[in-house]
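> Numbering (the working numbering), first residue to last: 4 to 380.
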Ligand code: SF4
């Protein structure tokens, strides 16, 4: 089954650590953009033939700058051109401080059935340092408002390796998450991305990132503490209650096809061994191309068989379930254990083997990039 990603590259203000493509959005820009998204959905229908969609994800940027009526319009275009499965998962990223209870209710009524709330931290000093527009009280009340609006599936985004954070404070955050009773948590370590104000602050000596050991200790504390609170650490950065994994993101790690709509969005086509396409990070170019009836997409990669096999292996190893040797054989005509015998031995004890499955444990994910190089061809 295929997924649909709709990128909303607008934010209220830029956070100094973020290198995602987004612009400061005005209402008129958003209205023009929604028109372009709806047209692109129409035009792409013949090109992207894997349908109906079993998942839709509004990501950004800040999708909660959209009015409910705009979300409804996009979703009815999706329904009309592609269709969705009866049990479709429709997720939307929402940032506290950008939408109130009535807005959330509107999203629910438009068909959104899962929210990902950009909490980032429960500590107001950290939120101020991150220059987020919300405080912890607003983040917590958004969970309550989302429940009242009828959302049964909630994710919280949390950051770690922030100034002032320690193993003790991340453990407190896990406790807070458990009290809030959400179904899913995504964690992100603060990283310094080139070209951001944070990178400039580091270069000028005004700020210094937490050291590698602190980063690792906080990551493992999050993994252990969330497990104690009943969450399954099912992917490097994601935790869920039983049956609450994000279907849309699982599609990426399982190399299922997806259509990306919007400036900066990627698509993955399933023909042959796979093709990746990209809409450039340029709002004006995207809107103009769509308005002129031209495709806003460029092909950026056509996978060979070897590349597809490598990618399938390293994406699957991001997940706790890992690679199933029999499934790999039926999908790629070769056993994972034979194709990657050298890489498997090079990983040593870090790569676990149980029955037909090969997988990493959370502590081994800290060295994921190091191990995964052995699976690249
Ligand atoms: S709100 Fe999110 S996407 Fe926008 S600048 Fe901040 S971190 Fe980046």
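From the three backbone atoms N, C-alpha and C, an ideal C-beta is built for every residue, glycine too.
Considering only residues of the stretch 193-274, which uninterrupted beta strand (DSSP E) runs meet the minimum length of 3 residues and lie entirely inside it, listed in chain order?
The stretch 193-274 contains these whole beta strand (DSSP E) runs: 235-238, 241-243, 261-264 and 269-272.
> Measuring from the CB of residue 25, is there a heavy atom of the ligand SF4 at a distance below 6 Å?
The answer is yes for residue 25.
> Do three or more CB pairs link the stretch 200-211 to the stretch 145-161 at distances below 8 Å?
The stretch 200-211 vs the stretch 145-161: no contact.
> The ligand SF4 and residue 65: does the residue's C-beta get closer than 6 Å to at least one heavy atom of that ligand?
Within the cutoff, so yes.
> For the ligand SF4, any of its heavy atoms closer than 6 Å to the Cβ of residue 231?
Residue 231 Cβ: outside cutoff for every heavy atom of the ligand SF4.
> Just the Cα atoms here: how many angstroms apart are residue 360 and residue 332?
So the two alpha carbons sit approximately 12 Å from each other.
> Spatial neighbours of residue 304 within its chain, please: CB distance less than 6 Å, with the 5 preceding and 5 following residues excluded, ordered by chain position.
279.
> Thinking C-beta only, is residue 234 closer than 7 Å to residue 179?
No, the pair does not count as a contact, with Cβ atoms beyond the cut-off.
> On the three-state DSSP scale, how would you describe residue 115?
Coil at residue 115, not helix or strand.
> Could you tell me if the beta carbon of residue 390 falls within a distance shorter than 6 Å of some heavy atom in the ligand SF4?
This structure gives no information on residue 390, because the portion of the chain shown stretches from 4 to 380.
> Return the first residue and the last residue of the beta strand (DSSP E) that residue 381 is part of.
In the structure as shown, the chain begins at 4 and stops at 380. Residue 381 is therefore absent and cannot be evaluated.
> Alpha helix (DSSP H) containing residue 292: first to last residue?
Here the alpha helix (DSSP H) through residue 292 covers 286-294.
> Does any heavy atom of the ligand SF4 sit closer than 6 Å to the C-beta of residue 366?
The answer is no for residue 366.
> Going by Cα to Cα distance, which pick from 109, 193 and 122 is closest to residue 153?
Minimum Cα distance to residue 153 is reached at 109.
> With respect to 6 Å, is the separation between the Cβ of residue 377 and the closest non-hydrogen atom of the ligand SF4 below this value?
No, the Cβ of residue 377 stays beyond 6 Å of every heavy atom of the ligand SF4.
> What are the start and end residues of the beta strand (DSSP E) that includes residue 8?
From DSSP, the beta strand (DSSP E) with residue 8 extends over 5-11.
> Can you check the stretch 145-188 for any beta strand (DSSP E) of at least 3 residues that lies completely inside it and give the ranges in chain order?
DSSP runs (the beta strand (DSSP E)) wholly in the stretch 145-188: 157-163.
> Just reading off the beta strand (DSSP E) that residue 40 is part of, what are its end residues?
Run containing residue 40: none in the beta strand (DSSP E); it sits in the alpha helix (DSSP H), 30-47.
> Take the Cβ of residue 166 as the centre, count every other Cβ of all protein chains shown within 10 Å, and call the residue buried at 16 or more, exposed below.
It counts as exposed.
> Could you spell out the range, first to last residue, of the beta strand (DSSP E) harbouring residue 57?
56-63 is the extent of the beta strand (DSSP E) around residue 57.
> Would you mind reading off the limits of the beta strand (DSSP E) that contains residue 94?
From DSSP, the beta strand (DSSP E) with residue 94 extends over 87-97.
> Which of helix, strand or coil does DSSP assign to residue 102?
In this structure, residue 102 counts as coil in the three-state DSSP scheme.
> Would DSSP call residue 312 helix, strand or coil?
Three-state result, residue 312: helix.
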